[in-house]
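Working notes, beginning with the structure itself.
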Amino acid sequence: MLLILFYMSDRRKFVKLSFLSSVALLAGKNLFARTAKADGEFATVKDEPVVISTWDFGKAANAAAWEVLKTGGRALDAVETGVKVPEADPDNQSVGYGGRPDRDGKVTLDACIMDENSRCGSVACLEHVTHAISVARMVMERTPHVMLAGEGATQFAFENGFKKENLLTAKSEAEWKAWLKESKYKPQNNIENMMPGGKLNHDTIGMIAMDKKGDLSGACTTSGMAYKMRGRVGDSPIIGAGLFVDNEVGAATSTGVGEEVIRIVGAHLVVELMRQGLSPQAACKKAVERIAARNPKQAKEVQVGFLALHKSGKYGAFALQKGFSYAVKNGNVEQVFDAPSLF
Ligand code: ASP
1 MLLILFYMSD RRKFVKLSFL SSVALLAGKN LFARTAKADG EFATVKDEPV VISTWDFGKA
61 ANAAAWEVLK TGGRALDAVE TGVKVPEADP DNQSVGYGGR PDRDGKVTLD ACIMDENSRC
121 GSVACLEHVT HAISVARMVM ERTPHVMLAG EGATQFAFEN GFKKENLLTA KSEAEWKAWL
181 KESKYKPQNN IENMMPGGKL NHDTIGMIAM DKKGDLSGAC TTSGMAYKMR GRVGDSPIIG
241 AGLFVDNEVG AATSTGVGEE VIRIVGAHLV VELMRQGLSP QAACKKAVER IAARNPKQAK
301 EVQVGFLALH KSGKYGAFAL QKGFSYAVKN GNVEQVFDAP SLF
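All residue numbers for the sequence shown refer to our numbering, where the first residue is 1 and numbers rise by one.
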């Protein structure tokens with residue numbers, strides 16, 4: 001019965017679920033005892049906060065977000081607080097301060113945020129400001145627009161109190177100079193595979209949270225693909241590609257080669273698949289399969305990962321390649337999981 005109830009998605013059934021839940025609580029029974037499974041297929045219940053985010057470093061970000069959620073704070077505040085942790089970390093070379101630069105040595109940041117009312121804000125190619133996510137939130141709250149890009153985004157940030165910073169750390173600068181010696185630039189997806197050591201390096205943080213009221217919000221922030229063309233914008237600041245939140249259904253975020261995610265409007269697709277009744281993991285898998293079907297040969301060489309949270313509290317993830325991990329924090333789980341993958 002529990003399983004069936006977790007799969008229910010439409011409004012009428014949610015009312016029924018809430019009613020049954022109240023009856024059970026009144027009867028002194030916790031019908032929906034929280035369960036965590038290694039595959040993350042269901043982990044928490046409606047009205048219990050949960051936060052999930054991409055990659056191992058999501059664990060520290062989740063811990064910061066949890067401080068907001070556990071005291072009844074809003075999911076929007078939680079995701080902003082959470083992703084600011086990797087943004088400020090100089091050792092994280094794919095997000096915020098210390099991020100790897102573009103091919104011209106400039107660190108440019110992409111970020112977006114979306115709340116339970118479908119309000120959203122975004123910045124693309126933002127320079128000189130560590131907390132791109134906070135600038136994105138200001139775009140949402142202080143302008144009639146959704147997205148500001150390039151110089152306009154940076155100017156907006158300064159006008160709203162952000163101080164000019166140098167985001168290029170000595171470590172990222174040294175690596176960029178080493179890359180410049182060969183600078184085998186291809187204006188396509190897999191440039192990061194060509195980093196010294198052939199290391200795959202896709203480290204955007206995408207975070208989704210549900211607060212005590214059952215409201216969802218999400219945030220996504222990155223310095224994008226290392227050594228990208230000047231002006232290149234990935235999926236991460238694009239509402240519907242790198243992040244999408246629908247408070248009636250669920251939310252999704254992505255990491256990996258942004259061009260592939262944009263082509264299928266990935267995060268929106270995952271949410272729509274959940275609306276049709278797929279579990280978060282199954283929805284992420286279907287989106288990944290769509291990327292693979294478009295170009296099966298190329299799909300074997302690039303990484304894309306999706307992470308999703310259903311309104312019921314279920315979460316799941318799926319990636320093209322092995323190696324994508326995601327972190328979960330709720331009342332009884334604080335863990336990093338390896339996402340299943342197509343290859
Ligand atoms: N999705 C990001 C981008 O394409 C990069 C990443 O997640 O590694 O800019």
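Ideal Cβ placement from N, Cα and C applies to all residues, glycine included.
Computed from a prediction, not measured in an experiment: that's the story for all the values here.
Original post:
So what's residue 109 in DSSP terms, helix, strand or just coil?
Top reply: strand
**OP:** From the DSSP output, in three-state form, read off residue 121 for me.
**Re:** strand
**OP:** Would you identify the three-state DSSP class for residue 320, choosing helix, strand or coil?
**Re:** coil
Original post:
Quick one: is residue 343 buried, meaning 16 or more other Cβ sit within 10 Å of its Cβ, or exposed?
Top reply: exposed
Original post:
Residues in its own chain within less than 8 Å of residue 160 by CB, not counting five upstream and five downstream?
Top reply: 135, 138 and 142
Subject >> CA-to-CA distance, residue 151 to residue 314, given in whole angstroms >> reply: 40 Å
Original post:
Can you list, in chain order, the stretches of the alpha helix (DSSP H) that have 4 or more residues and sit fully within the stretch 131 to 163?
Top reply: 132 to 142 and 150 to 159
Original post:
If you drop the 5 nearest sequence neighbours on each side, which residues of the same chain put their C-beta closer than 6 Å to that of residue 148?
Top reply: 123, 139 and 156
**OP:** Assign residue 228 to one of two classes, buried (16 or more other C-beta atoms within 10 Å of its C-beta) or exposed (fewer than that).
**Re:** buried
**OP:** Determine which residues share a DSSP beta bridge with residue 341 and list them.
**Re:** 319
Original post:
Just checking, does the stretch 73 to 84 make contact with the stretch 203 to 210 on the three C-beta pairs under 8 Å criterion?
Top reply: yes
Subject >> Beta-ladder partner(s) of residue 334, from DSSP >> reply: 329
Original post:
How about residue 340 and residue 318: are their beta carbons less than 8 Å apart?
Top reply: yes
Subject >> Inter-residue Cα distance where the pair is residue 100 and residue 93 >> reply: 5 Å
Original post:
Quick one: what does DSSP say residue 172 is sitting in, helix, strand or coil?
Top reply: helix
**OP:** Assign residue 330 to one of two classes, buried (16 or more other C-beta atoms within 10 Å of its C-beta) or exposed (fewer than that).
**Re:** buried
Subject >> Residues that DSSP places opposite residue 305 in a beta bridge >> reply: 255 and 319
**OP:** Give a single yes or no on whether residue 91 has its beta carbon closer than 7 Å to a heavy atom of ligand 1.
**Re:** no
Original post:
Does the stretch 168 to 185 touch the stretch 271 to 289, meaning 3 or more C-beta pairs lie closer than 8 Å?
Top reply: no
**OP:** Run the proximity test for residue 147: is its beta-carbon closer than 7 Å to any non-hydrogen atom belonging to ligand 1?
**Re:** no
Subject >> Bridge-paired residues (DSSP) for residue 206 >> reply: 220
**OP:** Indicate whether the contact test is met: 3 or more Cβ pairs, each with one atom in the stretch 59 to 78 and one in the stretch 233 to 240, closer than 8 Å.
**Re:** no
Original post:
Grouping DSSP H, G and I as helix and E and B as strand, with all else coil, what is residue 68?
Top reply: helix
Original post:
For residue 316 versus residue 279, is the C-beta distance shorter than 8 Å?
Top reply: yes
Original post:
Who are the near neighbours of residue 287 in its chain, counting only those whose CB is closer than 6 Å to its CB and skipping five residues on each side?
Top reply: 266, 269, 270 and 306
**OP:** Measure the C-alpha to C-alpha separation of residue 224 and residue 84 and round it to an integer number of angstroms.
**Re:** 16 Å
Original post:
For residue 243, which beta-bridge partners are listed by DSSP?
Top reply: 239 and 253
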